[in-house]
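Encoded as structure tokens, the structure appears first; notes follow it.
Numbering (our numbering), first residue to last: 71 to 434.
Now the structure itself:
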């Protein structure tokens, strides 16, 4: 039975499945049957959302859609389509991955296309436009799997082309290649969980608009997150961090480290600060167990801090604020944060930033 449970854990972790083994009385006296119970995930899932997560220069208000599909060609493959539009930005992504039989490997790929133009601000009359396309192939292998810990070996190869123009003239035209290898782990207990990922990458860039600017450099990237709930308390805490490090200077914006926005230092507008390398951390304290209008209410407080280093002076933004999540009936949910910037980074920056997203989800 223990060997079967171990095999089922490995299967679930590679295939994102929910198999369980149960012992039941057999049909004949003195016999016990082992029954494998399958909790199948939703085959089709659609999410529509509207938010103000966008850039001020190309439209803060965004409309988006996500379509997830399980079991496209085989029983355990999956795909995702993602589309996002704002006043001056259009983005589309597609992702697909599938397990390689019972080897522990999972292979996949993704395609991302983005077109943007500056529609607001001081440069709106300069026809500033940008286009990018990227293709990524990735692989993961379940190297270690125990009852409360597993580790995946990771690898990926990415190729992207991006172009920026002003008044119809190209000011950058990049080809970028990036190779990554590393590992990812998850470790959990009855009321806590830790996850982390560490990657070592090699990047090569070629700017066709400027001779003598090619770069090749190594880069380290990583992220980690943690969850803890003390006993049966309604309180729980979250911690998150990510970083990038490289010795190279003045790297292209497509591979630079950027902070600011709804998923970063929340007291600042998206992409306010970028540089060659940096680190950021977020701490949150949540209170669960509340119900309003038939939905679960999740209020929380948070503190964010980060540092970005480059040729420009080192910037250390930090912010604190409050947030509220609500998961209501019929797939509707709302997420809001209201954050105060605790450090002055740019002149005339807003002291408070409010982010919100309203989404609707359906599945079958």
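Even for Gly, the Cβ is constructed at its ideal location relative to N, Cα and C.
On a predicted model such as this, the values are computed, not experimentally measured, just so you know.
Within a Cβ cutoff of 6 Å, which residues of the same chain sit near residue i, ignoring the five residues on either side of it in sequence?
i	result
residue 146	85, 169
residue 155	133
residue 115	138, 433
residue 288	272
residue 357	304, 305, 369
residue 422	410
residue 157	129, 189
Quick one: Cα of residue i to Cα of residue j, how far?
i	j	result
residue 236	residue 186	12 Å
residue 415	residue 386	8 Å
residue 27	residue 191	With the chain running from 71 to 434 in the structure shown, residue 27 is simply not present.
residue 395	residue 296	19 Å
residue 243	residue 279	6 Å
residue 376	residue 351	6 Å
residue 58	residue 255	Nothing in the structure corresponds to residue 58, since the chain is present only between 71 and 434.
residue 324	residue 361	42 Å
residue 149	residue 142	7 Å
Who are the near neighbours of residue i in its chain, counting only those whose CB is closer than 7 Å to its CB and skipping five residues on each side?
i	result
residue 268	252, 253, 292
Report, in whole angstroms, the separation of the C-beta atoms of residue i and residue j, which I expect to be a contact under 8 Å.
i	j	result
residue 348	residue 314	6 Å
residue 473	residue 167	Because the chain spans 71 through 434 in this model, residue 473 falls outside it and cannot be assessed.
residue 425	residue 159	About 17 Å; that fails the 8 Å criterion.
residue 334	residue 294	Not quite, the Cβ-Cβ distance comes to about 15 Å (not below 8 Å), so this is no contact.
residue 153	residue 162	5 Å
residue 312	residue 276	27 Å between Cβ atoms; not a contact.
Can you tell me where the beta strand (DSSP E) holding residue i begins and where it ends?
i	result
residue 335	From DSSP, residue 335 is part of no beta strand (DSSP E); its letter is neither H nor E.
residue 320	Run containing residue 320: none; DSSP gives neither H nor E here.
residue 201	199 to 215
residue 160	159 to 169
residue 344	343 to 345
Nearest CA to the CA of residue i: which residue from the options?
i	options	result
residue 412	388, 392, 316	388
residue 322	172, 239, 384, 284	284
residue 379	144, 318, 204, 361	318
residue 30	250, 399, 193	No answer is possible for residue 30: it lies beyond the span of the chain, which begins at 71 and ends at 434.
residue 164	421, 206, 393, 250	206
residue 336	231, 393, 278, 263	393
residue 429	131, 404, 420	404
By Cβ distance below 8 Å, which residues in the same chain neighbour residue i in space, the five residues on each side in sequence not counted?
i	result
residue 383	none
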